[in-house]
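Inspection log for the structure reproduced underneath, given as structure tokens.
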Amino acid sequence: MPPNNTGLTSTWIFESLLFGGYLITKRDGVIDGMYFCVYPESGNITCPSGLEQPVKINSNYAYTVLPNNTLLIAQIEYNNTWRLHVIDLPKQTERGNGYFNTNIKSTYPEIHSSINSDITNISIDFYKPVTLSSDVDGKILIYQKIGQKIILRQKTFATQCKLDNDDTRVIIDILNSTFSKSGGIYFVKIENNFVKDRNYREPLLGVKENVWSFTIEDKKMTYTFTSSTTGLFRLTEKGTEYCEGLSDDKQNKFFDELLDELADAVQILRNRLSKYKNYQIDPNSNKSKQKKFLISIKIEETKNEYEKDVDTVIKDISYMMSNNNQTPIGNYQLAYLDSNYGFNPAPDYWQEYKFKLLGILLILIALIVLFILASIREKKGQNIAIFKFALFIFDFIADILFLTNNADDVRELYIPSIIFFTIPIVFNTIFAFLIIIKENKKSEFSHWFMENSKFASIFTILAGVDVEILGILESNIAGFKVFQAPLSDSVRKKIFWGAFSNLFIEDIPQLIIQICYRISVITYDIIPILSLTSSSINLIINIVGRLYQAIIYVRKRRLQPLSIIERDDELIKDTK
32 MPPNNTGLTS TWIFESLLFG GYLITKRDGV IDGMYFCVYP ESGNITCPSG
82 LEQPVKINSN YAYTVLPNNT LLIAQIEYNN TWRLHVIDLP KQTERGNGYF
132 NTNIKSTYPE IHSSINSDIT NISIDFYKPV TLSSDVDGKI LIYQKIGQKI
182 ILRQKTFATQ CKLDNDDTRV IIDILNSTFS KSGGIYFVKI ENNFVKDRNY
232 REPLLGVKEN VWSFTIEDKK MTYTFTSSTT GLFRLTEKGT EYCEGLSDDK
282 QNKFFDELLD ELADAVQILR NRLSKYKNYQ IDPNSNKSKQ KKFLISIKIE
332 ETKNEYEKDV DTVIKDISYM MSNNNQTPIG NYQLAYLDSN YGFNPAPDYW
382 QEYKFKLLGI LLILIALIVL FILASIREKK GQNIAIFKFA LFIFDFIADI
432 LFLTNNADDV RELYIPSIIF FTIPIVFNTI FAFLIIIKEN KKSEFSHWFM
482 ENSKFASIFT ILAGVDVEIL GILESNIAGF KVFQAPLSDS VRKKIFWGAF
532 SNLFIEDIPQ LIIQICYRIS VITYDIIPIL SLTSSSINLI INIVGRLYQA
582 IIYVRKRRLQ PLSIIERDDE LIKDTK
């Protein structure tokens, strides 16, 4: 109970003090005063000497106890002035050692010490045995202090720590990324309820910010120079939903803040990170109906040997993402990054696709060998048709692969891709069959067709890729009779106009789709590259070929003028 001379017998309010004991208080509403006494664990209640009880206090009854056990009492304000009554409360123990926590005996590293950046753990020694808290608020945090800026470096829950020395020592493992750069000021914050008294299971007080502080020795580690690179992050489903709901300006702000936090996390200058302006839906997540955005980040190289090189930055990012529940990447805006996807640097196309590219190279070499052999066997043959046929088939296969694997990456291009893939096939197939059916009415071609019916049928079907394939039947490749079809001039004209039509219903639209796709996406694998290449080559060859054929046709007409009757005969033949 309070001292008898107070004349009070009602219940007082008890508040625990950092250095042991309790502060007990009681309001006196009659005279705007308050009683302040100290109740030590020994049980002898005392009131601070030289303090008139009840103490005069302002109308809000405002007071506080500082971490050093100093009591501040706000006095009644007069004439726009205010005063504080300062009282040093007696300490019931000399424990504390600068931590403002009487439960802590010592720590490693010590307060205000200097340590190497390669330490693997830190530890806390308590006076009494403790247990690790299983509550979510039981954690310890390591911060880096740069001027007025405070950056989280590591967050560790009590359940991730270990006990030693008869449960009086707590050991916290340090991640490789926490002190990954030498130099700097750090401090450790221990949350309340990080540990509990082993006997009473009572949560113990922690350590506040800027108390347990230390420095990392600056040893000027040198790095090797590596060139700039780009890589991909993927937002989580929640992050994608959040980003998609933002306006353009707020999206830009979101990504700027994300890169700010990422630069702080990996300890590099902010200007070394930049984002590609576009983002796209991850094709894999799109197929699983869990839409997730991919964003492309560029990491600039540095010429400063004491700054982290690009490879080291990538390793740090990957390491932090694999430990995102303890690193800065699991907090604030960085929490929207998908740790399962990680950070994927731009692929080395040669390393990733070298076997496929070697396969294409071998096919090209084989075509060159076939061309040489065909030219040796028949020099007058149009043996270049070997490459033309291969290009048609290659372009067709590339279009199929693009349509099945990539077209849906940009939804706006999917339907146009289907349209300008299907319509040319239907057009060329129907046109090729009509040409063959009509040409079969001529005895000379009909005789050749009967002798090579299977071969002619295959080429008629393949002409669905491009009607110009029919022209290969008269190319006389290597002098083989199967390539000596007696096609009439009217068929050649039809093939010419059919191929000319393909410029507008296939070649140009598909090239535009490929260019739009390249502009819209941030991931670009081998299939779109091959498809864009084949579309470009095909369009150029088609335009040049049509111009060349048109010039030859005009020159022939000038050299061999026809009479009006002959021209009418030709028109009649063409309409049959």
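Residue numbers (this note's numbering): 32 to 607.
We treat Cβ as the ideally placed atom computed from N, Cα and C, and that holds for glycine.
Below 7 Å CB to CB, which residues in the same chain sit around residue i once its five sequence neighbours on both sides are set aside?
i: residue 140; result: 146, 153 and 245
i: residue 348; result: 297 and 374
i: residue 62; result: 85
i: residue 168; result: 222 and 224
i: residue 137; result: 128 and 156
i: residue 606; result: Confidence at residue 606 is low in this model, with a pLDDT of 43, below 50, so the placement of that residue is unreliable and no value is reported for it.
i: residue 73; result: none
i: residue 350; result: 207 and 208
i: residue 570; result: 538, 539 and 542
i: residue 464; result: 491
What residue does the alpha helix (DSSP H) around residue i start on, and which one ends it?
i: residue 53; result: Taken as a continuous stretch (DSSP letters only), residue 53 belongs to no alpha helix (DSSP H), being part of the beta strand (DSSP E) at 53-59.
i: residue 274; result: 268-275
i: residue 65; result: Residue 65 -> not in any alpha helix (DSSP H); beta strand (DSSP E) instead, spanning 64-70.
i: residue 493; result: 484-493
i: residue 284; result: 279-297
i: residue 533; result: 520-533
i: residue 433; result: 416-436
Just to check, is the beta-carbon of residue i closer than 6 Å to a non-hydrogen atom of the ligand PLP?
i: residue 161; result: Inclusion of the ligand PLP in the displayed structure is not the case, the ligand content being empty and no account of it being possible.
Measuring only the C-alpha atoms, how far is residue i from residue j?
i: residue 42; j: residue 202; result: 43 Å
i: residue 479; j: residue 494; result: 18 Å
i: residue 338; j: residue 302; result: 13 Å
i: residue 468; j: residue 263; result: 54 Å
i: residue 481; j: residue 453; result: 31 Å
i: residue 93; j: residue 46; result: 14 Å
i: residue 306; j: residue 282; result: 12 Å
i: residue 577; j: residue 520; result: 16 Å
i: residue 269; j: residue 367; result: 7 Å
i: residue 508; j: residue 516; result: 11 Å
i: residue 119; j: residue 87; result: 17 Å
i: residue 346; j: residue 272; result: 28 Å
i: residue 561; j: residue 405; result: 27 Å
i: residue 573; j: residue 580; result: 10 Å
i: residue 44; j: residue 53; result: 9 Å
i: residue 99; j: residue 554; result: 58 Å
i: residue 34; j: residue 229; result: Low confidence applies here, because residue 34 scores a pLDDT of 49, under 50, leaving its location unreliable; read the following figure in that light. Cα to Cα, the separation comes out at about 34 Å.
i: residue 393; j: residue 567; result: 22 Å
i: residue 432; j: residue 444; result: 15 Å
i: residue 415; j: residue 399; result: 10 Å
i: residue 68; j: residue 79; result: 7 Å
i: residue 163; j: residue 189; result: 5 Å
i: residue 446; j: residue 582; result: 37 Å
Across which residues does DSSP place residue i in a beta bridge pair?
i: residue 77; result: 69
i: residue 105; result: 115
i: residue 217; result: 175 and 245
i: residue 265; result: 325
i: residue 584; result: According to DSSP, which records beta bridges pairwise, residue 584 is partnered with nothing at all.
i: residue 200; result: 156 and 195
i: residue 228; result: 161
i: residue 311; result: 325
i: residue 139; result: 154
i: residue 124; result: Paired residue(s): none; residue 124 is not in a bridge.
i: residue 206; result: None, per the DSSP bridge assignment.
i: residue 211; result: BP columns for residue 211 are empty, so no partner.
i: residue 306; result: 328
i: residue 359; result: In the DSSP output, where bridge partners are listed per residue, residue 359 has none listed.
What residue range does the beta strand (DSSP E) around residue i cover?
i: residue 240; result: 238-247
i: residue 184; result: 180-188
i: residue 470; result: Here residue 470 belongs to no beta strand (DSSP E); instead the alpha helix (DSSP H) covers 442-470.
i: residue 94; result: 94-96
i: residue 44; result: 44-47
i: residue 546; result: Where residue 546 is concerned, there is no enclosing beta strand (DSSP E), although the alpha helix (DSSP H) it sits in stretches over 539-551.
i: residue 353; result: Unbroken run through residue 353 is the alpha helix (DSSP H), 341-353; no beta strand (DSSP E).
i: residue 146; result: 144-146
Using C-beta distances below 6 Å, list every residue in its chain close to residue i, excluding the 5 sequence neighbours before and after it, in chain order.
i: residue 148; result: 210, 213 and 247
i: residue 341; result: 257, 260, 330 and 332
i: residue 361; result: 355
i: residue 314; result: 440
i: residue 496; result: 423 and 427
i: residue 514; result: 506, 507 and 508
Leaving out five residues before and five after residue i in sequence, what residues of the same chain have Cβ atoms less than 8 Å from its Cβ?
i: residue 490; result: 500, 501, 503 and 504
If we count Cβ pairs, one from each stretch, closer than 8 Å, do we get three or more for the segment 103-115 versus the segment 128-136?
-> no
Evaluate the contact criterion for the segment 159-176 versus the segment 222-240: three or more CB pairs, one atom per stretch, below 8 Å.
-> In short, these stretches touch, since the Cβ pair count reaches three.
Should the segment 410-424 be called in touch with the segment 435-450, which here means at least 3 C-beta pairs below 8 Å?
-> no
On the three-pair Cβ rule with 8 Å, is the segment 380-391 touching the segment 527-542?
-> The segment 380-391 vs the segment 527-542: no contact.
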